[in-house]
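Mind the numbering: the sequence shown is residues 1 to 1005 in the UniProt record's numbering, read in order.
Beta carbons: idealized from backbone N, C-alpha and C, even for Gly.
Okay, so here's the structure we're looking at.
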Amino acid sequence: MTPNKILLFVVLVCFSFTGISQRSANFTHDLAEFNKALELYNNQQFLAAQNLFEEVKEQTKDEKIEGDCAYYIANAAVRLNQPGADRLMERFVSRYPTSTKTNSAYRDVADYYFQTGKYSLARKWYNKVNENSMSRAEKQRFYFNNGYAYFRAKQYDQARKYLERVRDSKEFGSQAKYYLGYMAYEGDDYEEANKNFEAVSGNDRYSEDLSYFQADMNFKLGKFEEAIKLAKAQLQSSNRIERSQLNKIIGESYFNLEQYEQALPYLKEYDGERGRWNNTDYYQLGYAYYKQGDYENAISEFNKIIDGKNKIAQNAYYHLAQSYLESNQKQQALNAFKNASEMNFNPQIQEDAYMNYAKLSYEIGNSYESPSQVLINYIEKYPDSENRQAMESLLIDSFLTSGNFEEAMRLLENNRNFSDKQAYQKVAYYYGLQLYEESDYENAILNFEKALSEPRDQKITAKATFWKAESEYNINRIDDAILGYREFSGMSAARGTEELNNLDYNLGYAYFKKNEYARAIEFFKRYAENSFNEVARRNDALLRLGDTYFVSSQYWPAIEAYDKALSLSGTNHYAAFQKAMSYGFIDRRDTKISELKNFINQYSRSSYRDDAMYELGNTYVSANNTSQALSAYDRLIREVPKSAFVPKAMLRQALIHYNSDNGNRALERLKTVVQNYPNTPEAMQAVSTARMVYVDLGRTDEYANWVQNIDFVEVTDADLDNTTYESAENQYFNNEYDRAISGFENYLQRFPNGIHSINANFYLGQLYFRNGNKAKAATNYRVVADKPKNEFTEQALSRLSEILLENENYREAVGYLEKLEKQASSEQNIIFAQSNLMKSYLELDQPGKAANYADKVLANSESDSEARNDARVIVARAAFASGNMSKAKSAYAEVQKTAKGELAAEALYYDAYFKNESGNYEASNAAIQILAKDFSGYKRWGAKGLVLMADNFYELNDTYQATYILENVIKNFQNYPEIVQEAKQELARIKTEAAKTNSSVEANN
1 MTPNKILLFV
11 VLVCFSFTGI
21 SQRSANFTHD
31 LAEFNKALEL
41 YNNQQFLAAQ
51 NLFEEVKEQT
61 KDEKIEGDCA
71 YYIANAAVRL
81 NQPGADRLME
91 RFVSRYPTST
101 KTNSAYRDVA
111 DYYFQTGKYS
121 LARKWYNKVN
131 ENSMSRAEKQ
141 RFYFNNGYAY
151 FRAKQYDQAR
161 KYLERVRDSK
171 EFGSQAKYYL
181 GYMAYEGDDY
191 EEANKNFEAV
201 SGNDRYSEDL
211 SYFQADMNFK
221 LGKFEEAIKL
231 AKAQLQSSNR
241 IERSQLNKII
251 GESYFNLEQY
261 EQALPYLKEY
271 DGERGRWNNT
281 DYYQLGYAYY
291 KQGDYENAIS
301 EFNKIIDGKN
311 KIAQNAYYHL
321 AQSYLESNQK
331 QQALNAFKNA
341 SEMNFNPQIQ
351 EDAYMNYAKL
361 SYEIGNSYES
371 PSQVLINYIE
381 KYPDSENRQA
391 MESLLIDSFL
401 TSGNFEEAMR
411 LLENNRNFSD
421 KQAYQKVAYY
431 YGLQLYEESD
441 YENAILNFEK
451 ALSEPRDQKI
461 TAKATFWKAE
471 SEYNINRIDD
481 AILGYREFSG
491 MSAARGTEEL
501 NNLDYNLGYA
511 YFKKNEYARA
521 IEFFKRYAEN
531 SFNEVARRND
541 ALLRLGDTYF
551 VSSQYWPAIE
561 AYDKALSLSG
571 TNHYAAFQKA
581 MSYGFIDRRD
591 TKISELKNFI
601 NQYSRSSYRD
611 DAMYELGNTY
621 VSANNTSQAL
631 SAYDRLIREV
641 PKSAFVPKAM
651 LRQALIHYNS
661 DNGNRALERL
671 KTVVQNYPNT
681 PEAMQAVSTA
691 RMVYVDLGRT
701 DEYANWVQNI
711 DFVEVTDADL
721 DNTTYESAEN
731 QYFNNEYDRA
741 ISGFENYLQR
751 FPNGIHSINA
761 NFYLGQLYFR
771 NGNKAKAATN
781 YRVVADKPKN
791 EFTEQALSRL
801 SEILLENENY
811 REAVGYLEKL
821 EKQASSEQNI
831 IFAQSNLMKS
841 YLELDQPGKA
851 ANYADKVLAN
861 SESDSEARND
871 ARVIVARAAF
881 ASGNMSKAKS
891 AYAEVQKTAK
901 GELAAEALYY
911 DAYFKNESGN
921 YEASNAAIQI
931 LAKDFSGYKR
941 WGAKGLVLMA
951 DNFYELNDTY
961 QATYILENVI
971 KNFQNYPEIV
981 QEAKQELARI
991 KTEAAKTNSS
1001 VEANN
């Protein structure tokens, strides 16, 4: 080797040695720092370790150290729960694919998440692990941890796959078998569960849980005694949640063994799932109480069962109903029996519940459907029932006691499976009476004829004959009525009836209406002379007897009859007036004058007072005592200025002045009539008379000027006017009604403002009204009513108002009713106006005005009971609408005393309402039960009553009754949407509250 080569070798060797020494020093430094970081990591100082690993990773040139650093940095990030830790680990795996730590990285991270309870993250990383690169011990841990992670996620199929692999593991076998047993238990595979639990039964770690599971499994397998024994053994050492479940197992086991007394204390100790019971829980406790005869507590538990729609619920509702019956709570029992009868899970319970529901419907009433319909439905559903005969008997009685005869007739006529002729006769008869009371005489006759077609009960046959005749009388079929009365009088079954007592009275009226006065006198006289007859009717019979004598020109007997009427009643303004008039026809002028003067002074409020004043003036005229006549007429004009006799009296005064050669005073009176009463017959007469006066005074030009300004007189056509009118009027009074209509129509077409236009319009209106053409009648009545007061004003206003009210045209009606109130001379028309004004203003939503008129009706002693009841109701409604509850309450209380029909139903509802408001819920329910029983035909009030009853029951802590009633309102009363909406809102509120304690209830939102 040459020196140069030797030198080069030395240099190279030295250089190489220096490089190796330098690299070895760096590696040693990195390794020392790495080991220092690893020590920090192993001491769980992950953040410090992570920072040092990052420094080493940045400085080292060694790929292995760099990879290991990356592994530990990512691992520390996982343990520090740093954001992006997963990405760091993924980056380590992708950047260092050949690292020996890749598989352990997955497993290590998965184990870490497993140990910290983050099982879903653990499963994510376990899924990345390669099983083949693990040792046997590592695999067992991997299988168990993975299986347990799936177990915690309730993915039992995957859990079993891994846990089955370590069931024989010394380290993990017991745990695996426990969880495998638990999964079998949850899946109701009690045999497999028991096998696994037996395998770990000696392990103290699981002993407590196993006792519970085994007790529960024995319970579910029907081994109730064993379940009780195991559960009781575990009871003292259990925690609160376990104790609740164990009490449930013991209590329900005793329940299934029908040892209800022993079951009770354990069932009560159950806390429910998450603090809530379900319907089955309430049923078991309620039934245990029921079997002990503790109906109060049974009801308390049963009535918490809401929304039940299964066999248990049907059984619960049936026994709830029985508990209510035992506690004499019949309305509640009806609802519960109805509910049980609507379920078909147990047909025997369903039929028995239906029977009890039908019986209670008959006994206490039913707001959902008529008791008769319930009974018929039962008979049709169970035609072979051993209770059929008893139910048919109840059905007959229900028809008669319900008062809902229309529905009863419909059911009897449309139901082929039920035919009781005796019941049919009774119902037809009572329905006829009901229609008669409602003035529906045509349909009343039809039903009386139906009753007569089945003459089963002779007493009813006789009464139906009488009331059919009464109905015929009211529709002017007088001959048929008389035949009916006479047929009735010959029936032996008529004896002892109230109808027979009144027969002479009715026959008197029938013959009077036929103008057969001799026969009318016979019957009125016979009835009036019987002192056993009702005083009011005897008095009326005497009045009619007097009228019959009067129209027969038998004035002395008429006076005698009127005298008897006066002595019987004490005061009777009609009899007194007619008596005075009768004296005038027997040339007892002075007596007539005396009687009329007495009448005027004694009967200051009589509707005949103006008649008497006018007649007194006329009588003085006939006695040639013109000064007294003028005074009598002046008094009439002064004291009764709105009387229809005022223009007539003025005409009489004008004639007196004219005949006394005082033409100017005559003209003054005549012009007053024309001015104040235009377009009336009196005005026409005044114009005619004024013409004669002006002619006599020689002032014809003055007459011509005056008469030209009178727009309602067509002087040149006067004769034709009179002739045309008289022709139509004659047809009218001869009862040739079709010809009369044609004649009046012709007259009004030719002389719309004619002398007799008021008369023609009125008579034509009467004829149209008689024929049922009320729209045309209203047009003619309106003409008369809009004219200044005349002799037909009052009748026209009354009839026009009647038509407008019938058409519900309240806005127009009030104007005419107010006019009628001011102008009527008849007290009855004043009452008619006031009572209908109060009703109309109520319909027009003016409760203040309605209440004012109601007060007028109540203040009028002549108001009939029906009008007074209407008035009290309106006072009550107005007070309620204005928030004056005290007044409304007292007003409805007054209505309740005398009202019938729908008004009575309304008053009874508000009686219940105010009792509810005062917290008297049981009394409120009692009122609603009466409403359901006695007024079932008035569905709106029945529905409102049910909503109120639901509130009462809820306040009485009977949630079942409240919800069931509201559900039935929603289902059965769709015709009343506002009530259904109220029921829905209340039901939602109650269910929301109930859902807080009963997991079977779905809250309504």
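Quick check: is the beta carbon of residue i nearer than 8 Å to any beta carbon in chain E?
{"i": "GLN329", "result": "This model lacks chain E altogether, as it is built from one protein chain only."}
Which residues bound the alpha helix (DSSP H) around residue i?
{"i": "ILE708", "result": "The sequence given here has Gln at residue 708, not Ile. GLN708 -> alpha helix (DSSP H) spans 700-708."}
{"i": "THR672", "result": "663-676"}
{"i": "LYS61", "result": "Per DSSP, LYS61 belongs to no alpha helix (DSSP H) and is neither H nor E."}
{"i": "PRO371", "result": "371-381"}
{"i": "LYS564", "result": "555-569"}
{"i": "TYR162", "result": "156-163"}
{"i": "ALA149", "result": "136-152"}
{"i": "SER120", "result": "119-126"}
{"i": "SER835", "result": "827-843"}
{"i": "GLN628", "result": "626-639"}
{"i": "GLN685", "result": "681-697"}
{"i": "PHE973", "result": "No alpha helix (DSSP H) holds PHE973; DSSP gives it neither H nor E."}
{"i": "GLU615", "result": "609-622"}
{"i": "ASN957", "result": "Segment: none, ASN957 is in no alpha helix (DSSP H) and carries neither H nor E."}
Determine the DSSP secondary structure at residue i, reduced to helix, strand or coil.
{"i": "GLU225", "result": "helix"}
{"i": "ARG107", "result": "helix"}
{"i": "GLU812", "result": "helix"}
{"i": "ASN598", "result": "helix"}
{"i": "ASN366", "result": "coil"}
{"i": "ASN722", "result": "helix"}
{"i": "ASN515", "result": "coil"}
{"i": "ASN998", "result": "strand"}
{"i": "LEU80", "result": "coil"}
{"i": "SER936", "result": "coil"}
{"i": "SER727", "result": "helix"}
{"i": "GLU922", "result": "helix"}
{"i": "SER882", "result": "coil"}
{"i": "LEU257", "result": "coil"}
{"i": "LYS822", "result": "helix"}
On the DSSP bridge assignment, give the partners of residue i in chain order.
{"i": "ARG276", "result": "GLU273"}
{"i": "ASN194", "result": "Per DSSP, none; premise fails for ASN194."}
{"i": "ASN247", "result": "Beta-bridge pairing links ASN247 to no other residue."}
Apart from the five residues on each side of it in sequence, which residues of its chain come closer than 8 Å, Cβ to Cβ, to residue i?
{"i": "ASP111", "result": "ALA122, ARG141 and ASN145"}
{"i": "TRP941", "result": "GLU902, ALA905, GLU906, LEU908, TYR909, LEU931 and PHE935"}
{"i": "TYR179", "result": "GLY147, TYR148, PHE151, ALA159 and LEU163"}
{"i": "VAL857", "result": "ILE831, GLN834, SER835, MET838, SER863, ALA867, ARG868, ASP870 and ALA871"}
Take residue i and list the residues in its own chain whose beta-carbon comes closer than 7 Å to its own, dropping the five residues that flank it on each side.
{"i": "ALA983", "result": "VAL947, LEU966, VAL969 and ILE970"}
{"i": "TYR810", "result": "SER840, GLU843 and LEU844"}
{"i": "GLN628", "result": "TYR620"}
{"i": "PHE769", "result": "ALA777 and ARG799"}
{"i": "LYS232", "result": "ILE250"}
{"i": "GLU226", "result": "ASN218"}
{"i": "PHE405", "result": "VAL427, TYR430, TYR431 and GLN434"}
Can you name, in chain order, every residue of its own chain whose Cβ lies under 6 Å from the Cβ of residue i, other than the five neighbours on each side?
{"i": "PHE15", "result": "Per-residue confidence for PHE15 stands at a pLDDT of 41, beneath the threshold of 50, marking its modelled position as unreliable; no derived number is given."}
{"i": "ILE874", "result": "MET838, LEU842, ALA850 and ALA854"}
{"i": "ASP590", "result": "none"}
{"i": "ALA878", "result": "PRO847, ALA850 and ALA851"}
{"i": "SER727", "result": "GLY743"}
Is residue i near the ligand SAM, in the sense that its beta carbon is under 7 Å from a heavy atom of that ligand?
{"i": "ALA629", "result": "Only the bare structure without any ligand can be found here, which leaves the ligand SAM out of the picture."}
> Which whole runs of the alpha helix (DSSP H) in the stretch 384-448 are 4 residues long or more, in chain order?
Replying inline: Segments of the alpha helix (DSSP H) lying fully in the stretch 384-448: 388-402, 405-414 and 421-437.
>> At 4 residues or longer, what runs of the alpha helix (DSSP H) sit wholly inside the stretch 729-803?
In response: Counting only runs of 4+ residues, the alpha helix (DSSP H) found wholly inside the stretch 729-803 occupies 737-750, 757-770 and 774-786, in chain order.
> Enumerated in chain order, which unbroken segments of the alpha helix (DSSP H) with a length of 4 residues or greater are wholly contained in the stretch 274-345?
Replying inline: Entirely contained in the stretch 274-345, the alpha helix (DSSP H) runs reaching 4 residues are, in chain order, 279-291, 295-302, 311-326 and 330-341.
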